[in-house]
Amino acid sequence: MASVTRAQALLLSHPDVLGSYVKENNTDQLLPRVPKLMVRGDSLQVTAVETLGGAAFVTSGGAVNDAATSYVSTARKFELRRMATKVEVSGDIAQNVSMINDVFEQQIQAKMVSMWNVAGEKLIYGTGSDPEPAGLETLAGENTNSPTVAGGPLSLTMLDDMIEKMKPWDGGQPLYFVMNSGQYKKFTNLVHSAGFDVSFKPDPILGRMLACYMGVTIIVSDWINNSEGAGTTSVYCVHMGTREGDAQFGGLVWFYNEDTGAGIRVDGPHRTSAVEDLMYADLELNLGFASLSTDSVLRLEQVTP
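For any residue, its number in this note's numbering is found by taking its place in the sequence shown, counting from 1, and adding 412.
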């Protein structure tokens, strides 16, 4: 049997990868749609106006009202959370210059997908307790109208009720329904059964047409599972972003530190003397999710899948 060179052996043992796919990849239109807000430091703090400064009509020469606005003394605080991972390539690959860049790129891309998947899941179910950011389920717990309990299948009346409970009414801030693909399918069936068609409007962030109901855009996130209490699911109604001039009506934001940025930082590749032929790269993501007002996230829970 003819012998092969080391270079040929490397090519045989590590063939070209023409493509790959993620076997389980949930639809997530929510994470890329959340508006970003840069902060200084490692947290975002939000307080609320407790009492507005007084105002009144006065008679000629009457005393003016000089009552000051007061604020809730304890601010709501949202901490930045850190996700850190590592990519390692060892052995023959680390010694082969022609392969190292391709393999590292594939591994880094795969690791990034995993990191964004974790962020997407925590955007729904994050507890807010270290080390997790706060997700919709936690943020909705602050809403004075939450939780709204369905106790059965989704209906258009339930969606109407959610819209009615959300403020403000003037349309000055984007409002969204967030549901999984199963509930989205049920929504379209409900609309058709009611005798009208689903309307669509362009979304400038996602670059595609999105369904809407009563002017409220619908976003699909399959990180909302069907195994919440007793095998049910949830639908959310969410205000998005800041509201200039009306901070008390601020909505859901993704905040990040101005130094670390909003994306995944990659440091490497590096070699280490601790392990022979090992090369590695460090990946890090720093983010947090916050609701700028306590009534900006409303949850409809115990919806039958």
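We put the CB at the ideal spot given by N, CA and C, even for glycine.
Just checking, does the region 620–631 make contact with the region 540–554 on the three C-beta pairs under 8 angstroms criterion?
-> Verdict: no, contact absent.
Which residues in the same chain as G641 place their Cβ atom closer than 7 angstroms to its Cβ, once the five residues preceding and following it in sequence are excluded?
-> Hits under 7 angstroms: Q714.
Is the region 477–488 touching the region 447–462 in the sense that three or more CB pairs, one from each, lie closer than 8 angstroms?
-> Taking a cut-off of 8 angstroms for Cβ pairs, the region 447–462 and the region 477–488 touch, as three or more such pairs fall below it.
In the structure shown, what three-state DSSP assignment does V525 receive?
-> It is helical.
In three-state DSSP terms, what is A496?
-> If DSSP states are grouped into helix, strand and coil, A496 belongs with the strands.
Close beta carbons around T654, own chain, < 6 angstroms, minus the five adjacent residues each side | Sequence-distant Cβ neighbours of T654 in its own chain, meaning closer than 6 angstroms and more than five residues away, are G662.
Look at D707 and M527 and say whether their C-beta atoms are less than 9 angstroms apart.
-> Going by C-beta atoms, D707 is not nearer than 9 angstroms to M527.
Grab the span of the alpha helix (DSSP H) containing K597 for me, first residue to last.
-> Taken as a continuous stretch (DSSP letters only), the alpha helix (DSSP H) holding K597 covers 593–605.
Buried or exposed: which applies to N601, given that a residue is buried once 16 or more other Cβ atoms fall within 10 Å of its Cβ?
-> Under the 10 Å beta carbon count, N601 is surrounded by fewer than 16 other beta carbons and is classified as exposed.
If we count the other Cβ atoms within 10 Å of its Cβ and call it buried at 16 or more, is S705 buried or exposed?
-> By the neighbour-count rule (16 or more Cβ atoms within 10 Å), S705 is buried.
Buried or exposed (CB count within 10 angstroms, at least 16 for buried), L697 = By the neighbour-count rule (16 or more Cβ atoms within 10 Å), L697 is buried.
Anyone know if the C-beta pair for K523 and T497 falls short of 9 angstroms?
-> For K523 and T497, yes; Cβs fall inside 9 angstroms.
Would you call Y483 buried or exposed, if buried means 16 or more other Cβ atoms sit within 10 Å of its Cβ?
-> Burial call: exposed.
Go ahead and pull the three-state DSSP assignment for G532.
-> Shown here, G532 sits in a helix according to DSSP, grouped into three states.
Considering only the beta carbon of each residue, do G700 and R452 sit closer than 9 angstroms?
-> No. Outside cutoff.
Below 8 angstroms on the Cβ atoms is my guess for I575 versus R445; work out the distance and round it to an integer in Å.
-> Actually they are not in contact, since the Cβ atoms of I575 and R445 sit about 19 angstroms apart, beyond 8 angstroms.
Between the region 668–679 and the region 635–649, are three or more C-beta pairs nearer than 8 angstroms?
-> Proximity of the region 668–679 to the region 635–649 falls short of the contact definition, fewer than three beta-carbon pairs being nearer than 8 angstroms.
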